Every structure is written in structure tokens, then in C-alpha cells.
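Residue numbering for the sequence shown follows full-length UniProt numbering, starting at 1 and increasing by one per position. Worksheet for the structure shown next.
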Amino acid sequence: MYRSKSKCQHCSRSHHSFLRFDDAITQKNDQNAIPENKTASLSNTSTLLSGVTLLPIAIVDIETPHRNKCTCRAVVDSGSDASFVTDEFVNRVALTPVRHATAVTGIGHLTSTTKGTARFVLLPRNRTSPKLIIDSYVLSKIIRNIPETK
């Protein structure tokens, strides 16, 4: 396991500053009395930093049921309950989707309707194993900006 040798700038714990925990920031801020006129500035900065969610992107190989292979980018969201692909992906790699509409509800109760499901095999880049069979929902668009507050 990789251990960080540097300390967080916010809580002095052994992790990168972007991976800090909000309660650690609160404790440190409580210990360091901040002048009242600077509180708004600090609050806005921490809101901007903590409101960003970074999802990793993996370069993977895809194998279709027709044994065609291609390389593509995959957004990895370990918190998601399902896998999703776009219409463009389905057309580009010549998948044959099973057409049916399913309502999918996400963050903030935003609902999208799928156009069906598609099956393909996902492999590590330039490797033959392990092979993961992926049954994914097909959507017009996957990624868009979601408002942080209303």
C-alpha cells in the first residue's frame, strides 16, 4: 500500500490535501481563531474545494459480442449501482442493444429514461484478462453538470 510522506495542509494528517475530511478542517479552523472579516472568504474557498467531485477515468479495451475490440475511456464511479453507456458508444462499437425504457433516478432525484441495455466485455488495456462482462444501461448523455446547491 502506498503511504503519503507529505501532510495535508488543512489538518496535518498523512494524506493529500484534496482528500481531506471536513470534520478535520472544522477542528483545525476552530483551533485557529479566524478574524470575523475573513470568515466569508475562507468559507467560500472551502465550499468551492469540497464541492468538487473527481471521478477517475480508465483507459480500457472493449470486446463486443462480435469479437471486435476497441480502446475507450471509462468513467469509474465506485458508488454507482449500475453501469451506463451512451448511444454514441453503442453505435461506435456496433453493439446490439436490447430496447426498453427504464427510469433511472440519480443525485437530487434527477430522473433519466434509458433507451435499453447493452452487453460487452471490458478488459484492462492491452491485456487478455481479467474479462468483465458488463450489462449497461444506454443513455443519450451520461455526464453533465449537477448544481451543488439550489
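In this text, a Cβ means the ideal position worked out from N, Cα and C, and glycines have one as well. Small disclaimer: the values here were computed from a predicted structure and weren't measured.
Nearest-angstrom Cα distance between residue i and residue j?
i    : j    : result
P124 : T71  : 10 Å
C11  : S78  : 26 Å
G106 : A82  : 11 Å
S136 : L110 : 19 Å
P35  : A74  : The predicted model places P35 with a pLDDT of 45, which falls under 50 and marks its position as unreliable, so this point remains unresolved.
P65  : S140 : 22 Å
K69  : I57  : 19 Å
L95  : A101 : 17 Å
T128 : R67  : 12 Å
Can you tell me whether residue i is buried or exposed, with buried defined as 16 or more other CB within 10 angstroms of its CB?
i           : result
residue 156 : For the chain, the structure presents residues 1 to 150; residue 156 sits outside this window and is missing.
L55         : exposed
Q27         : With a pLDDT of 44 at Q27, under the threshold of 50, the modelled position of that residue is not reliable, and the figure given next carries that caveat. Exposed is the call here.
L132        : exposed
Kindly list the residues whose CB is nearer than 6 Å to the CB of residue i, restricted to its own chain and excluding five residues on each side of it in sequence; keep chain order.
i    : result
T47  : Note that T47 has pLDDT 41, beneath the 50 cutoff, so the model's placement of it is unreliable and no number is given.
R99  : G116
I134 : S83, F120, L122
Between residue i and the rest of its own chain, which residues show a CB-CB distance below 8 Å, the 5 nearest in sequence each way excluded?
i    : result
T97  : The sequence shown places Pro at residue 97, rather than the Thr named in the question. Closer than 8 Å at Cβ, skipping near neighbours: V90, K115, G116, T117, A118, V138.
I142 : V75, F84, V85, T86
V93  : I62, T64, N68, C70, C72, F120
N126 : D61
Tell me which residues share the same chain as residue i and place their Cβ nearer than 7 Å to its Cβ, disregarding the 5 neighbours each side in the sequence.
i    : result
P130 : none
A103 : T111, T113
Contact the region 60-76 vs the region 106-123: 3+ CB pairs below 8 Å: At 8 Å Cβ cutoff, the stretches touch.
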